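The sequence shown begins at 5 in my numbering and counts up by one.
For reference, the structure discussed in these notes is given below.
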Amino acid sequence: MNLDWLKFLNRRKFLSSCILLLQSFLLTACFYSMSGCTSGENRKVISSGLDADYLVLNEKILLNFFGSPDEKDWAIKTLEKRCIDESDSHACYNLATHLFSLKDFTRAMKFSEKSILFNPTDSLYMEMYRQSVIEANKLEIANKNKLPSSEPAYLYTKLELDCRNKKIDSALETTVELISKNILSTETIQNGFLKECLTEKMISELSQKAQRNKVNFANQYYVEKNKSNLFYSIWDTSYLTKRKPIETEEELKHKLTIYWRDFRKAVAAKNEKLARKTLSEFVKELTQEKASAKQDTNLYLAIERAAKLLIEQDDFFAKYKNLADEL
Numbered sequence: 005m006n007l008d009w010l011k012f013l014n015r016r017k018f019l020s021s022c023i024l025l026l027q028s029f030l031l032t033a034c035f036y037s038m039s040g041c042t043s044g045e046n047r048k049v050i051s052s053g054l055d056a057d058y059l060v061l062n063e064k065i066l067l068n069f070f071g072s073p074d075e076k077d078w079a080i081k082t083l084e085k086r087c088i089d090e091s092d093s094h095a096c097y098n099l100a101t102h103l104f105s106l107k108d109f110t111r112a113m114k115f116s117e118k119s120i121l122f123n124p125t126d127s128l129y130m131e132m133y134r135q136s137v138i139e140a141n142k143l144e145i146a147n148k149n150k151l152p153s154s155e156p157a158y159l160y161t162k163l164e165l166d167c168r169n170k171k172i173d174s175a176l177e178t179t180v181e182l183i184s185k186n187i188l189s190t191e192t193i194q195n196g197f198l199k200e201c202l203t204e205k206m207i208s209e210l211s212q213k214a215q216r217n218k219v220n221f222a223n224q225y226y227v228e229k230n231k232s233n234l235f236y237s238i239w240d241t242s243y244l245t246k247r248k249p250i251e252t253e254e255e256l257k258h259k260l261t262i263y264w265r266d267f268r269k270a271v272a273a274k275n276e277k278l279a280r281k282t283l284s285e286f287v288k289e290l291t292q293e294k295a296s297a298k299q300d301t302n303l304y305l306a307i308e309r310a311a312k313l314l315i316e317q318d319d320f321f322a323k324y325k326n327l328a329d330e331l
């Protein structure tokens, strides 16, 4: 590489640095400041909320945080300045999450505490504060007004730290107290982090003292995930979510799914007569539902094409490929 080319690169690098510094200064001191810049009588103020300016600001902060060291420094300083104003508690929370990702847990604790001081009812901010306290291992200096020692949030935080620090007696005592307050369930004790510090005998004895969850969260998860499936309104998707063969599903609601399941079971049993019958029922139901559908016609068309392709190409239907003509 010749000398002129090196000079050019150095000059370009210097100009880029100057532009970045100027941009950082202008954005921090002006457009993204708390009071904004003045031009005559006009003043630009970015208030927290869902307005376009605030969303653009947060997008830029996020992008810069994962950019160069100078850009990251700008992002952090911008959030620090905005965190001064109690109307922008989310700036404190965002800064805490960024610092947490950098493993600067003590400062994450500081700014997450500020976010809950500005907005005490936000459970997201409180959980960020709790996690920061745990990772910083500084429960002793936690805000006693926000984490009172008698409250479940404090006790649960203490339990996590005791378990992590292998303080078995203290962890056991706190677990018993949380059970008495109906905070810890049998499932939490058996499947949570307590296995890392308590013996199997302790876990077993504590599980017997606790109550079971009133809500089956595993089932709740599958229900919610099923609802997010595009075909949920016309097809039983629970077996897909659980990654189970459709043939093993007994309780199905949609006729289409029932007929398809029965068709597959007939093919697996090598019962051609029953396979033809159940496929015919499937096609008939598909045709009727598609004809009466007002909004989901494309979904029915997709199912029809998928069924045809499966019969033609899936090895499962190798001896029944001719039935694809029924569709």
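Cβ atoms here follow ideal geometry from the backbone N, Cα and C, with glycine treated the same way.
Being a predicted model, the structure only gives us computed values, none of them experimental.
Open item on the list: Give me, in chain order, the residues of the same chain whose beta-carbon lies closer than 6 Å to that of Leu188; leave out the 5 immediate sequence neighbours on both sides.
Closed with: To locate residue 188, count along the sequence shown from 1; it is residue 184. Leu182 and Ala214, listed in sequence order.
TODO: Would you kindly check if the distance between the Cβ of Asp240 and the Cβ of Lys257 is under 7 Å?
DONE: As a position in the sequence shown, residue 257 is number 253, starting the count at 1. As a position in the sequence shown, residue 240 is number 236, starting the count at 1. Cβ distance < 7 Å, so Lys257 and Asp240 count as in contact.
Task: Residues near Met132 by beta carbon distance below 8 Å, same chain, minus five either side - done: Start at 1 with the first residue of the sequence shown, and residue 132 comes out as number 128. So the list reads Tyr97, Ala100, Thr101, Phe104, Ala112, Ser116 and Ser119, once near-sequence residues are dropped.
Open item on the list: Which of the three DSSP states is assigned to Ala311 in this structure?
Closed with: Translated into the one-based positions of the sequence shown, residue 311 becomes position 307. DSSP places Ala311 in helix when its eight states are reduced to three.
Task: Cβ pair Arg216, Thr190 closer than 7 Å - done: The residue you call residue 216 lines up with position 212 of the sequence shown. The residue you call residue 190 lines up with position 186 of the sequence shown. Yes, the Cβ-Cβ distance between Arg216 and Thr190 is below 7 Å.
Task: Inside the segment 251 to 321 only - beta strand (DSSP E) runs reaching at least 3 residues - done: none
- [ ] In the DSSP assignment, find the alpha helix (DSSP H) that holds Cys167 and state where it starts and stops.
- [x] By 1-based counting over the sequence shown, the position of residue 167 is 163. Taken as a continuous stretch (DSSP letters only), the alpha helix (DSSP H) holding Cys167 covers Pro156 to Arg168.
- [ ] Give the secondary structure of Lys199 by DSSP, where H, G and I count as helix, E and B as strand, and everything else as coil.
- [x] Residue numbering aside, residue 199 sits at position 195 when the sequence shown is read from its first letter. Helix at Lys199.
TODO: From the DSSP output, in three-state form, read off Ser237 for me.
DONE: Against the sequence shown, residue 237 aligns to sequence position 233. In the structure shown, Ser237 sits in coil (DSSP, three-state: anything other than H, G, I, E or B).
TODO: State buried or exposed for Leu66, treating a residue as buried only when at least 16 other CB atoms are found within 10 Å of its CB.
DONE: Stepping through the sequence shown from its first residue, residue 66 is reached at position 62. It counts as exposed.
TODO: Determine the burial state of Asn302: buried for a count of at least 16 other Cβ atoms within 10 Å of its Cβ, exposed for fewer.
DONE: The sequence position of residue 302 within the sequence shown is 298, counting from 1. So Asn302 ends up on the exposed side.
Open item on the list: Assuming Ser116 is part of the alpha helix (DSSP H), what are its boundary residues?
Closed with: Within the sequence shown, the letter at position 112 stands for residue 116. Where Ser116 is concerned, the enclosing alpha helix (DSSP H) stretches over Phe109 to Phe122.
Open item on the list: Quick check on Ser153: does DSSP put it in helix, strand or coil?
Closed with: To locate residue 153, count along the sequence shown from 1; it is residue 149. Correct three-state label for Ser153: coil.
Open item on the list: Excluding the 5 residues flanking Thr252 on each side, which residues of the same chain have their C-beta closer than 8 Å to its C-beta?
Closed with: In the sequence shown, the residue the question calls residue 252 occupies position 248. Once the five neighbours on either side are set aside, the close Cβ partners of Thr252 are Tyr243.
Open item on the list: Taking the beta carbon of Leu163 as the centre, do at least 16 other beta carbons fall within 10 Å, making it buried, or is it exposed?
Closed with: Residue mapping note: residue 163 aligns to position 159 of the sequence shown, counting from 1. Its Cβ being crowded by 16 or more others within 10 Å, Leu163 is buried.
Task: Which of helix, strand or coil DSSP assigns to Leu31 - done: Counting from 1 along the sequence shown, the entry for residue 31 is found at position 27. For Leu31, the predicted model reports a pLDDT of 45, less than 50, meaning its position is unreliable and no value from the coordinates is stated.
TODO: Would you mind working out which of Thr161, Asp74 and Thr82 sits nearest Glu63, comparing C-alpha positions?
DONE: Here residue 63 corresponds to residue number 59 of the sequence shown, with the count starting at 1. It is Thr82.
Task: Same chain, Cβ closer than 8 Å to Leu128, five either side skipped, listed in chain order - done: Locating residue 128 in the sequence shown gives position 124, where the first residue counts as 1. Here the set comprises Tyr97.
Open item on the list: If you measure between the beta carbons of Phe286 and Trp264, is that distance less than 7 Å?
Closed with: As a working mapping, residue 286 is identified with position 282 in the sequence shown. As a working mapping, residue 264 is identified with position 260 in the sequence shown. Yes, the pair counts as a contact, with Cβ atoms nearer than the cut-off.
Task: Which listed residue (Val227, Leu165 and Leu59) has its alpha carbon closest to that of Phe197 - done: As a first step, residue 197 must be located in the sequence shown, where it is residue number 193. Here the closest residue by C-alpha is Leu165.
- [ ] Kindly indicate which three-state DSSP category Ser72 falls into: helix, strand or coil?
- [x] Reading the sequence shown from its first residue, position 68 is the one you call residue 72. It is coil, neither helix nor strand.
Open item on the list: Taking its Cβ as the centre, do 16 or more other Cβ atoms sit within 10 Å of Ala270, making it buried, or is it exposed?
Closed with: Counting from one through the sequence shown, the residue named residue 270 turns up at place 266. By the 10 Å Cβ count, Ala270 comes out buried.
TODO: Could you spell out where the alpha helix (DSSP H) holding Tyr133 opens and where it closes?
DONE: Taking the sequence shown and counting its residues from 1, the one referred to as residue 133 is at position 129. Ser127 to Ala140 is the extent of the alpha helix (DSSP H) around Tyr133.
Open item on the list: Counting C-beta neighbours from all protein chains within 10 Å, is the total for Ser232 16 or more, i.e. buried, or is it exposed?
Closed with: Here residue 232 is taken as the residue at index 228 of the sequence shown, counted from 1. It counts as exposed.
- [ ] Please work out which residues of its chain come closer than 7 Å, Cβ to Cβ, to Arg134, disregarding the five sequence neighbours upstream and downstream, and give them in chain order.
- [x] As a position in the sequence shown, residue 134 is number 130, starting the count at 1. Hits under 7 Å: Ala157 and Thr161.
- [ ] Under 6 Å Cβ to Cβ from Thr42, same chain only, skipping five residues before and after it: list those, please.
- [x] For the purposes of this step, residue 42 is identified with residue 38 of the sequence shown, where counting begins at 1. Note that Thr42 scores 37 on pLDDT, short of 50, meaning its location in the model is unreliable and no value can be drawn from it.
- [ ] Grab me the residues of Glu3's own chain with a C-beta within less than 7 Å of its C-beta, minus the 5 sequence neighbours each way, in chain order.
- [x] Look at the range of the chain in this structure, 5 to 331, and you will see that residue 3 is not part of it.
Open item on the list: Taking the straight line between their C-alpha atoms, what separation do you get for Asp319 and Val227?
Closed with: Here residue 319 refers to the residue found at position 315 when the sequence shown is read from its first residue. Here residue 227 refers to the residue found at position 223 when the sequence shown is read from its first residue. One C-alpha to the other measures close to 31 Å.
Task: Burial state of Glu330, where buried means 16 or more other Cβ atoms lie within 10 Å - done: Counting from 1 along the sequence shown, the entry for residue 330 is found at position 326. Under this definition Glu330 is an exposed residue.
- [ ] Confirm, please, whether the CB-CB distance from Leu210 to Ile193 is below 7 Å.
- [x] As a working mapping, residue 193 is identified with position 189 in the sequence shown. As a working mapping, residue 210 is identified with position 206 in the sequence shown. Yes.
- [ ] Give the DSSP-derived three-state secondary structure of Ser189 in the structure shown.
- [x] Mapped onto the sequence shown, residue 189 falls at position 185. Correct three-state label for Ser189: strand.
TODO: Determine which residues share a DSSP beta bridge with Gln215 and list them.
DONE: Position 211 of the sequence shown holds residue 215. DSSP, once it has assigned bridges, lists Ser189 as partnering Gln215.
- [ ] Would you kindly check if the distance between the Cβ of Phe109 and the Cβ of Ala140 is under 7 Å?
- [x] Stepping through the sequence shown from its first residue, residue 140 is reached at position 136. Stepping through the sequence shown from its first residue, residue 109 is reached at position 105. Yes, the Cβ-Cβ distance between Ala140 and Phe109 is below 7 Å.
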